[in-house]
Amino acid sequence: MIKRLFVEKTEGNDASAQKVKSDVFAVLGIKSSRVRIFLRYDVEGLGSDDFERAVKTVFSEPPVDRVYYEEMPAVTGEIVMQEYLPGQYDQRADSAAQCVQMLTLKARPLIRCATVYVFEGVTPQERDRIESFLINPVEARPASAAKPQTLSEAYPAPEPPKMIEGFVEFDEAALAAYHQKMGFAMSLADLAFVQAHFRSQLRNPTETELKVIDTYWSDHCRHTTFLTHLNTVKIKSENPAVQKAYENYLALFNAHYNGRPDKYACLMDMATMGARELKKQGKLDNLDESEEINACSIKVDAEIDGKIEPWLVMYKNETHNHPTEIEPFGGAATCLGGAIRDPLSGRSYVYQAMRVTGAADVTEPYEK
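Be aware that the sequence shown starts at 723, since it is given in our numbering, and climbs by one per residue.
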């Protein structure tokens, strides 16, 4: 039997609702007189007594929460409900299930969560715009108000990989149509490059192969933006040092790659040119070299508490253009997080970090 619970923060403690109200007005220009947020929990596999204990210790904080069993209170306004897509990790539901298991010392229950927003003082048309703003289709979907019969999910066995029949024979128009249909991260020109590869192999690819290639072709993995060929650069800064730095890079580029048709100017080359020049000057004989192109380590003798110890000074570049485009706030946060995570995985201390952000006109209306 599934038990349903709605939890709402009391007035004065509803910071999340106030933030949503502010964001909807700032981004969409829609002014709601009041926003309420209910967290909906569906719980399966938990007895009544254990459920009551969990309500007061896991699902809610009695001093700041209101709890409603089975049904929401009567509300006025437009409702938006969202839940994670099947297969997406729901941290709230997973954490709640683990906490309930620790509370009861019994089998872990099944828990599914949804977020219910109530917007007072908005029209149905405005509600539709709000829903498209709040629900990121990459990870979430509109939730149903109906209570499910069970929270157990059975997934069918996967079918054999689907062959893309005729892929190597696609003309330009057919390839463009297929590119648009699949929503690839790679560009149409990239897909044409992939097509040429499989044509040379005398076979069509599977859909799985194209999806894997597309994943590794994205900015998240391949650093496509940093590897983009820079043919023309216009510097708008009035600071002459910026123009001078760029001209210095071009001079170093020509000196290092004279007669190398495989090399071209790009942001990744700019980021690594300094180390390349120092090495050429013989000032980096302590460089710990590897095949990694966006990180390096320098061996140093560091004085620690009066003792000389062998240390590595590590440098790391991290780009996160693609996930930032899909989900701006979380995607951008992974950029600096990723740059710090990688040194930490090597048991390094993170001493200094710098974030560089580029964007289109952020003052444009949301619709554009």
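Glycine included, each C-beta is placed from N, C-alpha and C at the ideal position.
key: Within 7 Å, strictly: CB atoms of residue 1065 and residue 1038   = Here residue 1065 corresponds to residue number 343 of the sequence shown, with the count starting at 1. Here residue 1038 corresponds to residue number 316 of the sequence shown, with the count starting at 1. Yes, Cβ-Cβ distance for residue 1065 and residue 1038 is below 7 Å.
request  = Would you tell me roughly how many angstroms separate the C-alpha atoms of residue 1076 and residue 1058, rounded to the nearest one?
outcome  = By one-based count along the sequence shown, residue 1076 stands at place 354. By one-based count along the sequence shown, residue 1058 stands at place 336. Here the C-alpha atom of residue 1076 lies approximately 8 Å from the C-alpha atom of residue 1058.
query = Are three or more beta carbon pairs between the region 838 to 847 and the region 798 to 815 nearer than 8 Å?
reply = Touching, per the Cβ criterion.
ask   = Excluding five sequence neighbours on each side, which residues of the same chain lie with their C-beta closer than 6 Å to the C-beta of residue 921?
value = One-based indexing of the sequence shown puts residue 921 at position 199. Only 890 meet the Cβ criterion.
ask   = Using DSSP with H/G/I as helix, E/B as strand and the rest coil, what is residue 1024?
value = Translated into the one-based positions of the sequence shown, residue 1024 becomes position 302. Correct three-state label for residue 1024: strand.
task = Tell me residue 806's beta-bridge partners as DSSP assigns them.
result = Looking up residue 806 in the sequence shown gives position 84. DSSP output for residue 806 lists 862 as bridge partner(s).
request  = Mind the definition here: the region 788 to 799 touches the region 725 to 744 only if three or more C-beta pairs lie below 8 Å; say whether that holds.
outcome  = Taking a contact to require three or more Cβ pairs closer than 8 Å, the region 788 to 799 and the region 725 to 744 qualify as touching.
message = So, with DSSP's three-state summary, where would you put residue 797?
response = Translated into the one-based positions of the sequence shown, residue 797 becomes position 75. The answer is coil: DSSP assigns residue 797 none of H, G, I, E or B.
ask   = Looking at residue 950 and residue 941, is the spacing between their C-beta atoms short of 7 Å?
value = For the purposes of this step, residue 941 is taken as the residue at position 219 of the sequence shown. For the purposes of this step, residue 950 is taken as the residue at position 228 of the sequence shown. No, they are not a contact pair.
request  = State the CB to CB distance for the pair residue 1009 and residue 1001, rounded to an integer number of angstroms; the pair is presumed to be in contact (CB under 8 Å).
outcome  = Residue mapping note: residue 1009 aligns to position 287 of the sequence shown, counting from 1. Residue mapping note: residue 1001 aligns to position 279 of the sequence shown, counting from 1. In this structure, residue 1009 and residue 1001 form a Cβ contact; the two beta carbons are roughly 6 Å apart against a cut-off of 8 Å.
message = Distance check for residue 783 and residue 1006, CA to CA, integer angstroms please.
response = In the sequence shown, residue 1006 corresponds to position 284, counting from 1. In the sequence shown, residue 783 corresponds to position 61, counting from 1. The straight-line gap separating the alpha-carbon atoms of residue 1006 and residue 783 is approximately 57 Å.
query = For the 8 Å Cβ check, are there 3 or more pairs between the region 882 to 898 and the region 847 to 858?
reply = Taking a contact to require three or more Cβ pairs closer than 8 Å, the region 882 to 898 and the region 847 to 858 do not qualify as touching.
query = What residues are listed by DSSP as bridge partners for residue 1019?
reply = Start at 1 with the first residue of the sequence shown, and residue 1019 comes out as number 297. For residue 1019, which the question treats as bridged, DSSP gives the partners 1010 and 1036.
inquiry  = Do residue 995 and residue 971 have their beta-carbon atoms positioned less than 7 Å apart in this structure?
reply    = Translated into positions along the sequence shown, residue 971 becomes position 249. Translated into positions along the sequence shown, residue 995 becomes position 273. Closer than 7 Å, so yes.
ask   = Do the region 927 to 937 and the region 897 to 908 meet, that is, are 3 or more Cβ pairs less than 8 Å apart?
value = Touching, yes, given that three or more Cβ pairs across the two stretches are closer than 8 Å.
query = Going straight from the alpha carbon of residue 796 to that of residue 758, what length do you get?
reply = Here residue 796 is taken as the residue at index 74 of the sequence shown, counted from 1. Here residue 758 is taken as the residue at index 36 of the sequence shown, counted from 1. For residue 796 and residue 758, the distance between alpha carbons rounds to 12 Å.
Cα-Cα separation, residue 1085 to residue 833 = Here residue 1085 is taken as the residue at index 363 of the sequence shown, counted from 1. Here residue 833 is taken as the residue at index 111 of the sequence shown, counted from 1. Rounded to the nearest angstrom, the two C-alpha atoms are 40 Å apart.
inquiry  = Would the region 739 to 759 count as touching the region 818 to 829 if we require 3 or more Cβ pairs under 8 Å?
reply    = With a cut-off of 8 Å, the region 818 to 829 and the region 739 to 759 do not count as touching, because too few Cβ pairs lie within range.
CB contact flag (residue 766, residue 873, <7 Å) = Taking the sequence shown and counting its residues from 1, the one referred to as residue 766 is at position 44. Taking the sequence shown and counting its residues from 1, the one referred to as residue 873 is at position 151. Judged by beta-carbon spacing, residue 873 lies within the 7 Å limit of residue 766, meaning their Cβ atoms are closer than that value.
ask   = In three-state terms, what does DSSP make of residue 1091?
value = Residue 1091 is absent from the model: the chain starts at 723 and stops at 1090.
ask   = Is the distance from the Cβ of residue 831 to the Cβ of residue 815 below 7 Å?
value = Here residue 831 is taken as the residue at index 109 of the sequence shown, counted from 1. Here residue 815 is taken as the residue at index 93 of the sequence shown, counted from 1. Between residue 831 and residue 815, the CB-CB gap reaches or exceeds 7 Å.
ask   = Using DSSP with H/G/I as helix, E/B as strand and the rest coil, what is residue 1136?
value = With the chain running from 723 to 1090 in the structure shown, residue 1136 is simply not present.
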